[in-house]
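In our numbering, the protein residues as written are 9 to 81.
Every residue gets a Cβ at the ideal spot worked out from N, C-alpha and C, and that includes glycine.
Quick caveat: nothing in here was measured; it's all calculated off a predicted structure.
Structure, as structure tokens:
Written as structure tokens, this is what we have:
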């Protein structure tokens with residue numbers, strides 16, 4: 009998951025939702041917190057992390073798995 013949101017820090021202001029260009033953050037049913045939705049669509053722009061006034065969001069970069077090479081020719 010590229011986006012982690014700390015529910016203890018999130019105050020539900022929604023700034024991250026309005027600034028996300030690919031709509032991968034949504035409000036909870038109570039509209040008091042936010043959660044990542046559709047992380048595969050995240051483009052790792054870090055905007056949500058930068059605009060969060062409570063510093064509740066962390067964008068975690070994932071790297072593709074590598075396979076061990078037997079030999080280099």
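_Secondary structure of residue 57, DSSP reduced to three states_ = Counted from its first residue, the chain shown places residue 57 at position 49. Per DSSP, reduced to three states, the secondary structure at residue 57 is helical.
_Own chain partners of residue 52 with C-beta closer than 7 Å, once the 5 adjacent residues on each side are dropped_ = Position 44 of the chain shown, counting from 1, holds the residue named residue 52. These residues qualify, in order along the chain: 10, 67 and 69.
_On the DSSP letters alone, give me the boundaries of the beta strand (DSSP E) that residue 15 sits inside._
Residue 15 sits at position 7 when you count from the first residue of the chain shown. In this chain, residue 15 is not harboured by any beta strand (DSSP E), its DSSP state being neither H nor E.
*Within the segment 20-44, note down every full beta strand (DSSP E) run reaching 3 residues or more, in order along the chain.*
Restricting attention to beta strand (DSSP E) runs no shorter than 3 residues, the segment 20-44 encloses them at 33-35 and 42-44, ordered along the chain.
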